[in-house]
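Student:
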Amino acid sequence: MTVAIESLDERSRTIFRSIVETYLARGEPVGSRTVSRQPGVELSPASIRNVMADLEESGLIYSPHTSAGRIPTELGLRLFVDGLLEVGDLSEEERAQIDARCAAKGRHRDEVLEEASELLSGLCQCAGLVMAPKAEAPVKHIEFVAISPERALVVIVTEEGTVENRVIDLPPGLPAASLTRATNYLNARFQNRTFEEARGIIETELKEQRAELDALSAKLVEEGLATWSGGGAPSLIIRGRANLLEDVHALEELDRIRRLFDDLETKEGLVRLLESARTAEGVKIFIGSENKLFSLSGSSLIVSPYMKGGGKIVGVIGVIGPTRINYGRIIPMVDYTARVVGSLL
């Protein structure tokens, strides 16, 4: 079910906005009398209740338990965020704080990212998180070693001394000379380069047939590249889980936080979700069960990709918390922090 903001008349929009903004500020169901006292609302509680009934029928608000008040549904929150939310701007003091804490001298990349995650968690009173690419050292040596007529071992040694092995299938009748040619070719391209840097050069040469390799050696090179992802899985930094416990008023809230903690421990699913945000332009918002990872915990995720020089997206930064977080304040904070982190990298 979807509801367009244009389908609401001015009176319904005003009351709906008042309900959502009051709920986000207080975390409690909002009654008609509370709405009637809001600036710009010139309706009696009875008239407001009639509008609230229509909004409830549209699936935008609901009444939890037997409370007379209403709170927005996830559908209502999405409609509010996309159509009615007024995003604020950061104060000069907040900008200066983010600049100073992220840009402290002498820090390497991981320290900057950890500081950014902790900073966001404190400013937003949520859990801060950063998905960072695993640091990739230049490759020192790569070699194909035959272990049987049908299989070979691909050995990759980095400048840091780490060794990774992969087993590949060999084309039938492959001569030993092809293994040597493939090894020499790859080592020449990997000179002082990371795997990803060399991969781009090699793939271009193979595509444009500039590799000066016979067909079997070229196939072997392609197989070797396909076995290794280079930098490995991204790393996930999470800070400020305790912030999620500071505004818990009821047992059901505590149960929701417990489920969120379980979600945060399921890092593989969270990394996949963050990977999907890497292609976003600017801030991306996930609300509750819009993503199955948060279908039980009812949480919202606000993230933005960050880029290094040349505009290449390298990771994602943001916060996670209850669906009633302050979207208008947090969105610009995440966006600005992502830009600062990108400029430092």
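For the record, in the sequence shown the residue sitting at position 208 is 199 according to our numbering, with numbers rising by one throughout.
All residues carry an ideal CB built from backbone N, CA and C; glycine is no exception.
In this text, all values refer to a predicted model and were calculated from it rather than measured experimentally.
(1) Starting from E134, trace the beta strand (DSSP E) both ways and give me its first and last residue.
(2) Residue range of the beta strand (DSSP E) that K299 falls in?
(3) Look up G50 in the DSSP assignment and say whether it is helix, strand or coil.
(4) Keeping to the same chain, check which residues put their C-beta closer than 6 Å to that of G67; ignore five residues upstream and five downstream.
(5) I304 and I276: beta carbons closer than 8 Å?
(6) Quick test of your reading: L104 and V332, contact by CB under 8 Å. State the CB separation rounded to the nearest angstrom.
(7) Taking 8 Å as the threshold (C-beta atoms), are S49 and Q29 in contact?
(8) Residues in the same chain with beta-carbon distance under 6 Å from E12, minus the five sequence neighbours each way, listed in chain order, please.
(9) Taking Cβ positions, are G79 and G306 nearer each other than 8 Å?
(10) Using DSSP's beta-bridge definition, name the partner residues of S226.
(11) Measure the C-alpha to C-alpha separation of E341 and F7 and round it to an integer number of angstroms.
(12) Taking all protein chains shown into account, do 16 or more other C-beta atoms lie within 10 angstroms of the C-beta of P296, making it buried, or fewer, making it exposed?
(13) Tell me the rounded alpha-carbon separation between E237 and K210.
(14) Let me confirm a value: V26 is counted as buried when at least 16 other C-beta atoms fall within 10 Å, else exposed. Which label applies?
(15) For N317, which residues of its own chain have a beta-carbon under 7 Å away from its beta-carbon, when the five flanking residues on both sides are left out?
(16) Which partner residues of V307 appear in the DSSP bridge assignment?
(17) Which one of V148, D73, S3, R17 has the shortest CA to CA distance from V42?
(18) Would you check if the distance between the CB atom of L287 and the CB atom of R263 is smaller than 8 Å?
(19) Taking DSSP's pairing of strands, which residues face E155 in a bridge?
(20) Looking at the strands, I want to know which residues DSSP matches up with I278.
(21) Based on the DSSP secondary-structure assignment, which residues constitute the bridge partners of G215?
(22) Give the straight-line distance between the Cα atoms of I138 and L144, rounded to the nearest whole angstrom.
(23) Can you give me the Cβ contacts of S169 inside the same chain, cut-off strictly under 8 Å, excluding the 5 residues immediately before and after it?
(24) Can you name, in chain order, every residue of its own chain whose Cβ lies under 8 Å from the Cβ of V130, other than the five neighbours on each side?
(25) Which residues does DSSP pair with R142 in a beta bridge?
(26) Tell me which residue opens and which closes the alpha helix (DSSP H) that D0 is part of.
(27) Let me know the secondary structure DSSP gives P36 once reduced to three states.
(28) Does V74 come out as helix, strand or coil in the three-state DSSP assignment?
(29) Locate the alpha helix (DSSP H) running through S169, then write down its first and last residues.
(30) Excluding the five sequence neighbours on either side, which residues of its own chain have a C-beta within less than 7 Å of the C-beta of N234, listed in chain order?
(31) When you compare each of L114, G289, A167 to T328 by their alpha carbons, which one comes out closest?
(32) Reducing DSSP to helix, strand and coil, say where R61 ends up.
(33) Assuming the contact rule is C-beta atoms closer than 8 Å, S108 and I229 should be a hit. Round their C-beta distance to whole Å, please.
(34) Give the DSSP-derived three-state secondary structure of V(-6) in the structure shown.
(35) Expressed to the nearest angstrom, what Euclidean distance is found between the alpha-carbon atoms of E19 and V274?
(36) Once DSSP output is grouped into helix, strand and coil, what is the label at P55?
Tutor: This is what the structure gives:
(1) On the sequence shown, position 143 is the one that residue 134 refers to. Where E134 is concerned, the enclosing beta strand (DSSP E) stretches over 130 to 139.
(2) Residue 299 sits at position 308 when you count from the first residue of the sequence shown. Segment 290 to 299, the beta strand (DSSP E) holding K299.
(3) Within the sequence shown, residue 50 is the residue found at index 59, counting from 1. Looking at G50 - three-state DSSP - the assignment turns out to be coil, as it is neither helix nor strand.
(4) Walking along the sequence shown from the start, residue 67 turns up at place 76. Here the set comprises L51, I52.
(5) What you label residue 304 is simply residue 313 of the sequence shown in a count that begins at 1. What you label residue 276 is simply residue 285 of the sequence shown in a count that begins at 1. Cβ distance not < 8 Å, so I304 and I276 don't count as in contact.
(6) Taking the first residue of the sequence shown as position 1, residue 104 is located at position 113. Taking the first residue of the sequence shown as position 1, residue 332 is located at position 341. Cβ atoms of L104 and V332 come within 8 Å of each other, at about 7 Å.
(7) For the purposes of this step, residue 29 is taken as residue 38 along the sequence shown, with counting starting at 1. For the purposes of this step, residue 49 is taken as residue 58 along the sequence shown, with counting starting at 1. Their beta carbons are not under 8 Å apart, which means Q29 does not touch S49 by this criterion.
(8) Within the sequence shown, the letter at position 21 stands for residue 12. Answer for E12: no residue qualifies.
(9) Translated into the one-based positions of the sequence shown, residue 79 becomes position 88. Translated into the one-based positions of the sequence shown, residue 306 becomes position 315. Not a contact, by the Cβ cut-off of 8 Å.
(10) Taking the first residue of the sequence shown as 1, we reach residue 226 at position 235. Per DSSP, A123.
(11) As displayed, the chain neither begins before -8 nor continues past 336, which places residue 341 out of reach and without an answer.
(12) As a first step, residue 296 is located in the sequence shown; it is residue number 305 there, counting from the start. That one is buried.
(13) Here the question's residue 237 lines up with position 246 in the sequence shown. Here the question's residue 210 lines up with position 219 in the sequence shown. The alpha-carbon separation between E237 and K210 amounts to approximately 58 Å.
(14) Residue 26 sits at position 35 when you count from the first residue of the sequence shown. By the 10 Å Cβ count, V26 comes out buried.
(15) Start at 1 with the first residue of the sequence shown, and residue 317 comes out as number 326. The answer, listed in chain order, is L15.
(16) Translated into the one-based positions of the sequence shown, residue 307 becomes position 316. Answer is M122, P296, bridged to V307.
(17) As a working mapping, residue 42 is identified with position 51 in the sequence shown. Checking every option, the nearest Cα to that of V42 belongs to S3.
(18) Position 296 of the sequence shown, counted from the first residue, corresponds to residue 287. Position 272 of the sequence shown, counted from the first residue, corresponds to residue 263. Going by C-beta atoms, L287 is not nearer than 8 Å to R263.
(19) Translated into positions along the sequence shown, residue 155 becomes position 164. For E155, which the question treats as bridged, DSSP gives the partners I147.
(20) The residue labelled residue 278 in the question sits at position 287 within the sequence shown. The partner list for I278 (beta bridge, DSSP) reads S291.
(21) Sequence index remark: in the sequence shown, residue 215 carries index 224 (1-based). Answer is none; G215 lacks a bridge partner.
(22) Indexing the sequence shown from 1 puts residue 138 at position 147. Indexing the sequence shown from 1 puts residue 144 at position 153. Roughly 7 Å separates the two Cα atoms.
(23) Counting from 1 along the sequence shown, the entry for residue 169 is found at position 178. D205, L207, S208, L211.
(24) As a first step, residue 130 must be located in the sequence shown, where it is residue number 139. Correct list, in chain order: I147, V148, T149, E150, F181, R184, T185, F186, A189.
(25) Indexing the sequence shown from 1 puts residue 142 at position 151. Answer is S139, D160.
(26) Residue numbering aside, residue 0 sits at position 9 when the sequence shown is read from its first letter. From DSSP, D0 is part of no alpha helix (DSSP H); its letter is neither H nor E.
(27) In the sequence shown, counting from the first residue as 1, residue 36 sits at position 45. Helix, per DSSP.
(28) Translated into positions along the sequence shown, residue 74 becomes position 83. It should be pointed out that residue 74 corresponds to Gly in this sequence rather than to Val. Here G74 sits in helix by DSSP.
(29) Along the sequence shown, read from residue 1 onward, the residue named residue 169 stands at position 178. For S169, the enclosing alpha helix (DSSP H) starts and ends at 167 to 181.
(30) Counted from its first residue, the sequence shown places residue 234 at position 243. Around N234, the same chain offers S112, Q116, C117, A118 as residues with beta carbons nearer than 7 Å, after the five sequence neighbours per side are excluded.
(31) Counting from one through the sequence shown, the residue named residue 328 turns up at place 337. Measuring from the Cα of T328, the nearest candidate turns out to be L114.
(32) Counting from 1 along the sequence shown, the entry for residue 61 is found at position 70. R61: strand per DSSP, three-state reduction.
(33) Within the sequence shown, numbered from 1, the residue matching residue 108 stands at position 117. Within the sequence shown, numbered from 1, the residue matching residue 229 stands at position 238. With a beta-carbon spacing of about 7 Å, S108 and I229 fall inside the 8 Å limit used to define contacts.
(34) Numbered from 1 along the sequence shown, position 3 holds the residue referred to as residue -6. Correct three-state label for V(-6): coil.
(35) Position 28 of the sequence shown, counting from 1, holds the residue named residue 19. Position 283 of the sequence shown, counting from 1, holds the residue named residue 274. In a straight line, the C-alpha of E19 is about 27 Å away from that of V274.
(36) The count along the sequence shown starts at 1 and reaches residue 55 at position 64. Looking at P55 - three-state DSSP - the assignment turns out to be coil, as it is neither helix nor strand.
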